[in-house]
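To keep things clear, I will list the structure first and then write my remarks on it.
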Amino acid sequence: MGLIGTPLSLLCGKWLKKFKVKKMLIICLSTMVLSLVLMVFPSSIMIITVLSTIFVAAIAVFIPTLITFLGESAANSRSTAISLYSFLLLVGASIGPLLASLLSFHSILLLFAFIFGIAACLIARKDRGKAKNKIAAQNS
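Heads up: the sequence shown is residues -1 to 138, going by the numbering used here.
Put into structure tokens, the structure is as follows:
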């Protein structure tokens, strides 16, 4: 059922024209974290299904946004950055089933929420650092 959210990826290009790439990354990561954390609490399969669909939709938008971010940020090292991204994606896909066999459903949800939350904080913090430097340069 979660796959119902995947067609949102088709709107990603339109949204990237309207919003900055980093803002889109933070929105997607925040939505992913929120849906994962909320999945820990309900006992209803219907609520978990809806939250799962929201999570998949956020990932569907996150992946093309991340690829755009890598392409813009890496400049001349674009192919290396995409290769590293692909490698890490495949490592994560390989480790995922191992973790799933060792941890409970709730533990996995919280672990991924933590990882995505850290990523969102790092992206947001990097933006704030640039804004502070820009303000300091203007005041000098």
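The beta carbon of each residue, even a glycine, is placed where N, CA and C say it ideally should be.
Here the structure is a predicted model, which is why all the values come from computation and not from measurement.
In this model, residue 46 and residue 79 are separated by some 35 Å (Cα to Cα).
Taking a contact to require three or more Cβ pairs closer than 8 Å, the region 14 to 24 and the region 100 to 107 do not qualify as touching. The C-alpha of residue 50 lies about 19 Å from the C-alpha of residue 97.
Out of 19, 56, 39 and 38, the CA that lies nearest to the CA of residue 1 is found in 56. DSSP, reduced to helix, strand and coil, places residue 5 within a helical segment of the structure shown. Bounds of the alpha helix (DSSP H) holding residue 30 are 19 to 38.
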